[in-house]
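*Asks:* From first to last, the protein sequence lines are chains A and B. Just so you know, we're using our numbering here: the first sequence kicks off at 189 and counts up by one. Just so you know, we're using our numbering here: the second sequence kicks off at 1241 and counts up by one. Glycine is no exception: its CB is placed at the ideal position from the N, C-alpha and C atoms. Small disclaimer: the values here were computed from a predicted structure and weren't measured.
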Amino acid sequence: MSPSSRDVHEDVAAYALGVLDEEDHQAFERHLMSCEECQAELRELSEVPGLLDAVRQDRSNSLTGTDDDRASR
Amino acid sequence: MPVPRHLDSRLESAETDDDVLVEVLYQEFGAPLLRHVRKATGNDLQWAEDVVQETIVRAWRNAGRLHREPGLLWAWLLTVARRIVIDGRRRRGARPQEVEPADADAVSVPDGSERALEAMIVADALLDLSEEHREVIEHTYLRDRTIGEAAEILGIPPGTVKSRLYYGIRALRGILKERGVAS
Ligand SMILES: [Zn+2]
């Protein structure tokens, strides 16, 4: 169900951001319920997405095409 | 975290009664959740209220296996709400819509200039990350993409995206903490 050797605990960041694909999301949630380490880390990370929203909104107010800005560097 | 201590017992006693559970969830988490969600919906109040409602319903549906520990429950609610917002935004196929709510006073949102300052600090912090870390944050959360989609676009395995995201988000939080915007 999950990638064999990779550390499943690392999924906590993607979970906090809400960007895990559905299957991984379900799998991580099962893990979360029994992993106190991940529970503690999730609490720590859970305010980061809200802070990132500030950037997102700022961009949508001021910019239109952000898509290829980095490619030009 | 806006989670009161007495909640544990309230949730436990609510366990047997669905209506009571929904009510308790609303009372305890409804307002703070709405404040958070509004930041993600570009202040679209109607949309935010729908997201909160759907989030509470999902919490209720998952009540049996949900942890009763309030801090964790709060984190769970935030993640679920985020996924609903991302889904909605993708379905609309649009960037966040800037909507001025009719009743802007009804719910308090952070003062505009405070929010702008926050945006600057976060944007700066992103620039201080390594290219790899910034890239995965940019290509997932900031563009409403899942890990799988970002992996395909970036041409790297999903596991690598998740791992970089983990270290990137931790690094970002560390910087934001240093600069006083994260706790
Ligand atoms: Zn874990």
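With a threshold of 16 other CB atoms inside 10 Å of the CB of residue 1317(B), please say whether the residue is buried or exposed.
*Replies:* As a first step, residue 1317(B) is located in the second sequence; it is residue number 77 there, counting from the start. So residue 1317(B) ends up on the buried side.
*Asks:* In chain order, what residues of the same chain lie with their CB nearer than 8 Å to the CB of residue 200(A), ignoring the 5 residues before and after it?
*Replies:* Working through the first sequence from its first residue, we reach residue 200(A) at position 12. Taken in chain order, the residues that qualify are 216, 220, 226, 229, 230 and 233.
*Asks:* Provide the residue span of the alpha helix (DSSP H) that contains residue 220(A), from first to last.
*Replies:* Residue numbering aside, residue 220(A) sits at position 32 when the first sequence is read from its first letter. Its alpha helix (DSSP H) spans residues 210 to 222.
*Asks:* What is the rounded straight-line gap between the Cα of residue 1358(B) and the Cα of residue 207(A)?
*Replies:* Translated into the one-based positions of the second sequence, residue 1358(B) becomes position 118. Translated into the one-based positions of the first sequence, residue 207(A) becomes position 19. Near 23 Å, if we compare the C-alpha coordinates of residue 207(A) and residue 1358(B).
*Asks:* Cβ of residue 225(A) versus every heavy atom of ligand 1: is any distance shorter than 8 Å?
*Replies:* Here residue 225(A) corresponds to residue number 37 of the first sequence, with the count starting at 1. Yes, ligand 1 has a heavy atom inside 8 Å of this Cβ.
*Asks:* Report yes or no: is there a C-beta of chain B within less than 9 Å of the C-beta of residue 227(A)?
*Replies:* Against the first sequence, residue 227(A) aligns to sequence position 39. Closer than 9 Å to some Cβ of chain B, the Cβ of residue 227(A) qualifies, so yes.
*Asks:* Rounded to the nearest angstrom, what separates residue 1427(B) and residue 1327(B) at their Cα positions?
*Replies:* Residue 1427(B) is absent from the model: chain B starts at 1241 and stops at 1423.
*Asks:* Sorted by chain position, which residues of the same chain lie with C-beta nearer than 6 Å to residue 1366(B)'s C-beta, five sequence neighbours on each side aside?
*Replies:* Within the second sequence, numbered from 1, the residue matching residue 1366(B) stands at position 126. For residue 1366(B), where only same-chain residues beyond five positions count, the Cβ hits under 6 Å are 1374.
*Asks:* By alpha-carbon positions, which one of 1309(B), 1308(B) and 1267(B) ends up nearest to residue 1293(B)?
*Replies:* By 1-based counting over the second sequence, the position of residue 1293(B) is 53. Answer by Cα proximity: 1267(B).
*Asks:* Could you tell me the boundaries of the alpha helix (DSSP H) in which residue 1319(B) lies?
*Replies:* The count along the second sequence starts at 1 and reaches residue 1319(B) at position 79. Here the alpha helix (DSSP H) through residue 1319(B) covers 1310 to 1332.
*Asks:* Please say whether residue 1362(B) and residue 240(A) have beta carbons closer to each other than 9 Å?
*Replies:* On the first sequence, residue 240(A) is found 52 positions in, with the first residue counted as 1. On the second sequence, residue 1362(B) is found 122 positions in, with the first residue counted as 1. Yes, the Cβ-Cβ distance between residue 240(A) and residue 1362(B) is below 9 Å.
*Asks:* Between residue 1379(B) and the rest of its own chain, which residues show a CB-CB distance below 7 Å, the 5 nearest in sequence each way excluded?
*Replies:* Here residue 1379(B) refers to the residue found at position 139 when the second sequence is read from its first residue. The answer, listed in chain order, is 1385, 1390, 1393 and 1394.
*Asks:* Residue 1370(B) by DSSP, collapsed to three states: which one?
*Replies:* Position 130 of the second sequence holds residue 1370(B). Reduced to three states, the DSSP call for residue 1370(B) is coil.
*Asks:* Around the C-beta of residue 1282(B), are 16 or more other C-beta atoms found within 10 angstroms, so that it is buried, or is it exposed?
*Replies:* By 1-based counting over the second sequence, the position of residue 1282(B) is 42. It counts as buried.
*Asks:* Tell me the residue span of the alpha helix (DSSP H) that contains residue 1398(B).
*Replies:* As a first step, residue 1398(B) is located in the second sequence; it is residue number 158 there, counting from the start. 1398 to 1418 is the span of the alpha helix (DSSP H), which, as asked, contains residue 1398(B).
*Asks:* Residue 204(A) CB to nearest chain B CB: under 9 Å?
*Replies:* Along the first sequence, one-based indexing puts residue 204(A) at 16. With 9 Å as the cut-off, residue 204(A) counts as an interface residue toward chain B.
*Asks:* Taking only beta carbons into account, state which residues of the segment 1302 to 1318 of chain B come closer than 7 Å to chain A, listed in chain order.
*Replies:* So the list reads 1305, 1307, 1311, 1312, 1315 and 1318, given in the order they occur along the chain.
*Asks:* How about residue 245(A): is its C-beta nearer than 9 Å to some C-beta of chain B?
*Replies:* As a position in the first sequence, residue 245(A) is number 57, starting the count at 1. For residue 245(A), the answer is yes, since a Cβ of chain B falls inside 9 Å of its Cβ.
*Asks:* Should residue 1405(B) and residue 202(A) be called a contact, given that it needs their Cβ atoms to be closer than 9 Å?
*Replies:* Taking the second sequence and counting its residues from 1, one reaches residue 1405(B) at position 165. Taking the first sequence and counting its residues from 1, one reaches residue 202(A) at position 14. Cβ atoms of residue 1405(B) and residue 202(A): closer than 9 Å.
*Asks:* Are the beta-carbon atoms belonging to residue 195(A) and residue 1387(B) less than 9 Å from one another?
*Replies:* What you label residue 195(A) is simply residue 7 of the first sequence in a count that begins at 1. What you label residue 1387(B) is simply residue 147 of the second sequence in a count that begins at 1. Cβ atoms of residue 195(A) and residue 1387(B): not closer than 9 Å.
*Asks:* Quick one, which of 1288(B), 1301(B) and 1285(B) has its alpha-carbon nearest residue 1259(B)'s?
*Replies:* Indexing the second sequence from 1 puts residue 1259(B) at position 19. Of 1288(B), 1301(B) and 1285(B), the residue nearest in Cα terms is 1301(B).
*Asks:* So, does the CB of residue 1422(B) fall closer than 9 Å to a CB anywhere in chain A?
*Replies:* On the second sequence, position 182 is the one that residue 1422(B) refers to. Residue 1422(B) counts as touching chain A.
*Asks:* Between residue 215(A) and chain B, is there a C-beta pair that is closer than 9 Å?
*Replies:* Within the first sequence, the letter at position 27 stands for residue 215(A). So, not an interface residue.
*Asks:* Is residue 197(A) close to ligand 2? I mean its beta-carbon at under 8 Å from any heavy atom of the ligand.
*Replies:* In the structure on display, ligand 2 does not appear, and the ligands it does have are ligand 1.
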